[in-house]
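In what follows, a single structure is set out as structure tokens and then discussed.
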Amino acid sequence: MSLAGLRVMGIDPGLTRCGLSVVQAGRGREVLPVAVGVVRTPAGAELAERLLRLSTAVNEWMDDYRPDVVAVERVFERGNVSTVMHTAHASGVLVLAAAQRGIPVHMYTPSEVKKAISGNGRADKKQMTSMITRILGLSAPPKPADAADALALAVCHCWRAPLLARTTALLNPGGTS
59 MSLAGLRVMG IDPGLTRCGL SVVQAGRGRE VLPVAVGVVR TPAGAELAER
109 LLRLSTAVNE WMDDYRPDVV AVERVFERGN VSTVMHTAHA SGVLVLAAAQ
159 RGIPVHMYTP SEVKKAISGN GRADKKQMTS MITRILGLSA PPKPADAADA
209 LALAVCHCWR APLLARTTAL LNPGGTS
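Residue 59 is where the sequence shown starts when you use this note's numbering, and the numbers rise one by one after that.
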């Protein structure tokens, strides 16, 4: 099953810094970078204003790059409830933007992404940035780490999508829901 041409938007959700990326699947494990960036919101701004800024940015990206699918990092407990809540708010706004366009969303844990990209589910940020730079043939490592994380999410989905498609076909052989 070939997914060549599949355009994947990777999102590393965050309220202060949100990584956004778009890649295009090639043949086999080839993935081509299309765009990468980070949306920042001021820490002193009201929550509603910050979420609106994220929403506006992700909507512009979706309009400009027209992804076929979105890969988002799954929010997980990091020990700081306030940080988790802010990330969850951001994630909800970002997933909603995809849902409003009918774009499928796949969520991945950080360890799933690390395992897919580096082979090590406990890889550190430096190793992940190095691997994503090499995989995508970038001339320089993406910065900040949120940008590299967004690219890693998109690449992870490109590499996992064929298995997901086969699994769906096996579980639903008639093609109906």
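From the three backbone atoms N, C-alpha and C, an ideal C-beta is built for every residue, glycine too.
For the candidate residues the options, whose alpha-carbon lies nearest to that of residue i?
i	options	result
R111	G179, G177, L73, D207	L73
A148	P231, P71, G160	P71
V68	L105, G195, K172, V130	Looking at the sequence provided, one finds Gly at residue 68 rather than Val. The candidate whose alpha carbon is nearest that of G68 is V130.
A210	L105, A101, V97, V128	V128
G177	T167, M189, Y166, K184	M189
E170	D126, V133, M143, V81	V133
D23	A62, S79, W217	Only positions 59 to 235 of the chain appear in this structure, which leaves residue 23 out of reach.
E107	W217, V81, R218, H144	H144
P168	W217, G179, G160	G179
W217	P231, K183, Y166, I161	Y166
H164	A219, E104, V142	A219
Within its chain, find whatever has a CB closer than 8 Å to the CB of residue i; leave out the 5 residues flanking it on each side and keep chain order.
i	result
A155	S113, V116, N117, M120
I175	A181, M186, M189, I190, I193, A210, V213, C214
By how many angstroms is the C-alpha of residue j removed from the C-alpha of residue i?
i	j	result
Q158	P200	29 Å
A146	G102	18 Å
S24	R85	This structure leaves residue 24 out entirely; the chain is present only between 59 and 235.
M59	D126	For M59, the predicted structure reports a pLDDT of 49, less than 50, and the residue's modelled location is therefore unreliable. The matter cannot be settled from this model.
L109	G150	10 Å
L229	R87	25 Å
G137	P231	42 Å
L152	E104	18 Å
K183	G160	32 Å
A198	V142	31 Å
For residue i, which residues in the same chain have their Cβ closer than 7 Å to its Cβ, ignoring the five residues on either side in sequence?
i	result
A181	K172
R124	R65
Name the DSSP bridge partner or partners of residue i?
i	result
S169	In the DSSP output, where bridge partners are listed per residue, S169 has none listed.
R192	Answer by DSSP bridge pairing: none, since R192 is not bridged.
H164	A129
D204	According to DSSP, D204 bridges with nothing at all.
M67	V80, V128
A157	Answer is none; A157 lacks a bridge partner.
V96	G77
Note down, in chain order, each residue of its chain lying with its Cβ closer than 6 Å to the Cβ of residue i, except the 5 sequence neighbours on either side.
i	result
D207	D70, G77
P75	Rather than Pro, the amino acid found at residue 75 in this sequence is Arg. Closer than 6 Å at the Cβ level, and outside the excluded window around R75, lie V96, R98, D204.
P162	V127
G63	none
Q82	R65, L90, V92
Measuring only from the beta carbon, is residue i closer than 7 Å to any heavy atom that is part of the ligand NAD?
i	result
A203	No copy of the ligand NAD occurs in the structure displayed, which carries no ligand at all.
Item checked: Three CB pairs or more closer than 8 Å across the region 82-96 and the region 191-199 -> yes
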